[in-house]
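Trainee: Below you'll find the structure I mean.
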Amino acid sequence: MNIYLDKRSPNDDHLYTTGDHIDGVVSVSTERDIEIEGIQILFRGVSQVEIEQLSIQRLSRLEHVFFSVHQPMAEMGNIIPNVLKEEHNYDFRFKFVVPSKLMPQTCRHFRQNSHISQAHTLLPPTMGGVKLQMCSEGDDLSPECVKISYSIQATLFAVSKKADFPKTLASMSKPLKIMPIVHEQPPIDRSNNGLYCLMKEKTMKLGLWRSPTGRLFVSASQPQPIVISATGHQRQECMGTIATIELKFSPGGDEQPPDLHSCTAGLSIYTFYSARQWEDFPDSIFATTQFGTGSRSIHQKDIALSKICLKSVQWTRDVAESIESTSLICFTALVHVPIPTPRNKVLVPTFHACFVSRVYVLNISIAYHSTWAKASTSSVKLRMKYSHRHNASHLPKQTEKDAVVCMRNLANWIAAVDEIRSWPEDLPQPLHALLNLARSYRPNLGSEG
Ligand SMILES: [Zn+2]
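The sequence shown begins at 1 in the UniProt record's numbering and counts up by one.
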């Protein structure tokens with residue numbers, strides 16, 4: 001028995017994304033005549049977690065089949081014979097589509113909020129284990145004990161004399177990689193916990209017993225998610241982003257702001273995993289009693305991203321008026337930090353599944369020194385999101401055809417706008433220009449597919 005996946009291009013590496021078709025064939029041949037009950041072809045998704053529970057000195061292993069669909073036997077392109085004849089080859093076709101969502105029954109445990117239900121029923125990406133072997137470009141920074149895998153599984157059943165479970169004659173599975181398209185989720189802002197810190201305030205003193213000489217505030221707004229092509233992970237078709245850091249120095253007297261030295265940015269990759277389902281987002285409850293112990297675990301990897309010199313950054317002197325109508329002097333500065341996409345690493349999208357979560361934290365640290373304080377640093381930790389989008393070269397043929405119509409219509413948008421301008425106010429009108437244009441392009445589509 002063998003499983004072959006259809007190649008969609010000469011260099012197809014069988015990486016699929018949301019909406020992709022997974023087509024292929026299960027090929028069966030035998031050396032002698034064999035009576036069979038039937039054949040089952042499944043598209044499955046499984047998450048596996050291993051956790052060492054020190055308190056009870058036991059290794060907990062968990063396997064959760066979060067997704068399983070079968071190919072109807074009537075649609076295998078071949079009638080299933082009762083007997084497989086010797087030295088005869090039988091091909092059974094399968095066709096699956098990568099869904100964006102899982103069935104609601106996948107996640108039935110107690111959940112703290114509706115956002116958890118939504119997150120747990122999204123398709124998680126392939127992660128760890130199989131991925132490390134299959135992906136020569138670099139690992140996805142997950143621990144060995146966590147694995148999310150997808151496969152096509154074919155099983156041949158023997159004729160069973162009893163009415164109980166049929167006996168397996170042969171079985172095999174073919175792993176494949178899934179990198180789902182993940183749209184940005186609404187932020188859930190419980191940010192200032194053990195993991196994130198959007199603002200840091202530091203009181204500066206000349207000595208241990210002296211009065212404060214000023215306060216330094218370092219703050220940042222949440223950077224935009226970095227969008228990576230869902231099918232281009234090996235080359236990370238993305239230049240990264242820019243994070244903006246705001247600095248503010250409030251002097252205690254007539255002190256000058258500190259001299260800025262440098263700024264470093266690093267990425268911390270967290271994989272949360274558990275032997276029991278997460279009832280809340282693990283990054284939100286991190287370092288709280290809700291996080292729990294024992295069956296909960298966290299794996300962290302750090303990557304340096306960039307370092308820039310800040311010696312040329314100038315402070316701006318501002319004067320604000322206090323409630324008592326006295327003048328308050330402060331100094332402000334803006335720092336723009338490049339956030340490149342790490343090379344040779346597979347950044348799976350940020351996701352939260354029943355047993356496994358992946359989140360990214362951007363650590364930005366500002367180094368400074370002054371005549372009244374030794375060299376010091378102040379840091380912020382930001383939630384960094386990586387999401388994935390479709391690569392145009394992998395669009396299904398029909399979608400490409402539909403897109404042609406949309407693009408041509410948009411190219412003639414000026415004609416449509418001119419038409420709208422001619423309408424009487426407050427009177428609904430059909431948009432003739434777009435409709436006619438769509439009709440005029442439709443006959444040509446067949447020759448372009
Ligand atoms: Zn769940």
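Idealized CB from N, CA, C, for every residue including glycine.
The structure presented is a predicted model; accordingly, all values stated were derived computationally and were not measured.
Note down the Cα distance separating Leu42 from His70, rounded to an integer number of angstroms.
Mentor: Distance between the alpha carbons of Leu42 and His70: 4 angstroms.
Trainee: Can you grab the Cα-Cα spacing for the pair residue 456 / Thr271, in whole Å?
Mentor: Absent from the structure is residue 456, since the part of the chain shown begins at 1 and ends at 449.
Trainee: So, does the segment 18-29 touch the segment 94-102, judging by three or more C-beta pairs under 8 angstroms?
Mentor: The segment 18-29, when compared against the segment 94-102, does touch it at the 8 angstroms Cβ threshold.
Trainee: Please look up how many angstroms separate the CB atoms of Val335 and Val361, rounded, as I've assumed it's under 8 angstroms.
Mentor: No, Val335 and Val361 are not in contact; Cβ-Cβ is about 19 angstroms, not under 8 angstroms.
Trainee: Cα separation between Gly19 and Leu247?
Mentor: Spanning the two alpha carbons is a distance of roughly 45 angstroms.
Trainee: By how many angstroms is the C-alpha of Asn363 removed from the C-alpha of Glu279?
Mentor: The straight-line gap from Cα to Cα measures roughly 27 angstroms.
Trainee: From the DSSP output, read off the bridge partner residues of Ser262.
Mentor: In DSSP, Ser262 forms a bridge with Cys309 and Ala367.
Trainee: Taking 6 angstroms as the cut-off, is the beta-carbon of His64 closer than that to any non-hydrogen atom of ligand 1?
Mentor: Flag unset: Cβ of His64 not near ligand 1.
Trainee: Roughly how many angstroms separate the alpha carbons of Pro257 and Leu198, rounded to a whole number?
Mentor: If you take the alpha carbons of Pro257 and Leu198, they lie about 21 angstroms apart.
Trainee: Check whether the Cβ atoms of Ser117 and Ser151 lie closer than 7 angstroms to each other.
Mentor: Contact flag unset, no.
Trainee: Between Val356 and Val65, which are expected to be in contact by the criterion C-beta below 8 angstroms, what is the C-beta distance as a whole number of angstroms?
Mentor: Between Val65 and Val356 the Cβ distance is about 14 angstroms, and since that is not below 8 angstroms, they are no contact.
Trainee: Does the beta carbon of Gln40 fall short of 6 angstroms from some heavy atom of ligand 1?
Mentor: Not under cutoff, so the answer is no.
Trainee: Assign Tyr273 to buried or exposed, taking buried as 16 or more other Cβ atoms, counted over all protein chains shown, within 10 Å of its Cβ.
Mentor: Tyr273 is buried by the Cβ-count criterion.
Trainee: At a cut of 8 angstroms, does the segment 153-161 reach the segment 56-63 through at least three beta carbon pairs?
Mentor: Flag = no, the segment 153-161 and the segment 56-63 do not touch.
Trainee: Can you grab the Cα-Cα spacing for the pair Leu216 / Pro251, in whole Å?
Mentor: Their Cα atoms are separated by approximately 9 angstroms.
Trainee: Output the boundary residues of the beta strand (DSSP E) element that contains Ser327.
Mentor: Run containing Ser327: Ser327 to Ile339, per the beta strand (DSSP E) assignment.
Trainee: Under 7 angstroms, do Lys303 and Pro349 count as touching if we go by C-beta distance?
Mentor: Rather than Lys, the amino acid found at residue 303 in this sequence is Ile. No, these two residues do not count as a Cβ contact at 7 angstroms.
Trainee: Ignore the nearest five residues each way along the sequence and tell me which others in Arg61's own chain have a CB closer than 6 angstroms to its CB.
Mentor: Contacts found: Glu50.
Trainee: Taking just the CA atoms, how far does Lys101 sit from Leu15?
Mentor: Spanning the two alpha carbons is a distance of roughly 18 angstroms.
Trainee: For Pro175, name the three-state secondary structure that DSSP assigns.
Mentor: The answer is strand: DSSP assigns Pro175 an E or B state.
Trainee: Just tell me which of Lys301, Phe291, Val218 and Gln290 has its CA closest to the CA of Tyr368.
Mentor: Answer by Cα proximity: Val218.
Trainee: Taking the straight line between their C-alpha atoms, what separation do you get for Leu260 and Phe291?
Mentor: Distance between the alpha carbons of Leu260 and Phe291: 38 angstroms.
Trainee: Given this structure, state the Cα-to-Cα distance separating Ile36 from Thr168, to the nearest angstrom.
Mentor: Approximately 10 angstroms, taken between the alpha carbons.
Trainee: In the DSSP assignment, what residue or residues form a beta bridge with His384?
Mentor: In the sequence as presented, His is not what sits at residue 384; that position holds Met. Note: Met384 sits in a beta bridge opposite Tyr360.
Trainee: So is Leu122 in contact with chain D if we call contact Cβ pairs under 7 angstroms?
Mentor: You won't find chain D in this structure, because it holds only one protein chain.
Trainee: If we count the other Cβ atoms within 10 Å of its Cβ and call it buried at 16 or more, is Glu31 buried or exposed?
Mentor: So Glu31 ends up on the exposed side.
Trainee: Which residue from Ser268, Val146 and Ile366 puts its Cα closest to that of Arg383?
Mentor: Taking only the C-alpha atoms, the option nearest Arg383 is Ser268.
Trainee: Using the three-state DSSP reduction, which class does Asp418 fall into: helix, strand or coil?
Mentor: Helix, per DSSP.
Trainee: Can you check DSSP and say which residues form a bridge with Ile41?
Mentor: Looking at the DSSP assignment, Ile41 forms a beta bridge with Ala154.
Trainee: I need the boundaries of the alpha helix (DSSP H) containing Ile116, first residue and last residue.
Mentor: Note, Ile116: alpha helix (DSSP H), Ser114 to His120.
Trainee: What number of angstroms, rounded off, separates the C-alpha of Leu122 from the C-alpha of Gly240?
Mentor: Computed Cα separation, rounded: 25 angstroms.
Trainee: Run through DSSP, which three-state label would Phe165 get?
Mentor: Residue state, collapsed to three classes: coil.
Trainee: If you drop the 5 nearest sequence neighbours on each side, which residues of the same chain put their C-beta closer than 8 angstroms to that of Asp318?
Mentor: Closer than 8 angstroms at the Cβ level, and outside the excluded window around Asp318, lie Ile329, Cys330, Phe331 and Thr332.
Trainee: Using DSSP's beta-bridge definition, name the partner residues of Phe249.
Mentor: Its beta-bridge partners are Leu216 and Phe331.
Trainee: Start and end of the beta strand (DSSP E) containing Gly24?
Mentor: From DSSP, the beta strand (DSSP E) with Gly24 extends over His21 to Ser29.
Trainee: Among the residues of its own chain, which have a CB less than 6 angstroms from the CB of Gly253, if the five just before and after it don't count?
Mentor: None.
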